[in-house]
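Okay, so here's the structure we're looking at.
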Amino acid sequence: RLWVTVTPIMLVTFPAAVQAIVWENWRIPFGATLCVTGLLVGEWVNRYFNFWGWTYFPINIVFPAILTPGAILLDGVLLLTNSYLATAIFGATAFALVFYPSNWIIIAGLHMPVEYHGMLMPIAD
């Protein structure tokens, strides 16, 4: 239940830090997207080796969250405003608000009803 509220708040810190470093040193506005891509690669390695490699758990149920649309918005706000304050207010808000709709495509299939031993329940259960 806390996945939608806590995850964007916790995950915006790493892209914001990398974005600040890349923007200060090189004025390149894709630090957040670069960081999120690295996090996604690391999450897939973790999912494959820990869930599939050790326990043969179905890999389609343990997908990592998609953060790329929020990171692109975060970088876009910094590019358009050139302000850390505006990026912190508007970019972080956009990052959090886009998180659930961008992941809905993957989790929508898990909400389909199925009948299991005479009981109607979603696939996720």
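Numbering (our numbering), first residue to last: 714 to 838.
Think of the CB as a built atom: it goes at the ideal place given N, C-alpha and C, for glycine as much as any other residue.
Keep in mind that this is a model prediction, so the values were computed, not measured.
Are the beta-carbon atoms belonging to Met825 and Pro835 less than 8 Å from one another? yes
By a C-beta neighbour count over all protein chains shown, 10 Å radius and 16 as the cutoff for buried, is Pro771 buried or exposed? exposed
Met832 by DSSP, collapsed to three states: which one? strand
Since Gly783 and Ala799 are thought to touch, with beta carbons under 8 Å apart, how far apart are those beta carbons, to the nearest angstrom? Going by Cβ atoms, the distance from Gly783 to Ala799 rounds to 16 Å, so no, they are not a contact pair.
Hey, out of Phe803, Phe776 and Ile785, whose CA is closest to Leu823's CA? Phe776
Nearest-angstrom Cα distance between Ile741 and Thr718? 30 Å
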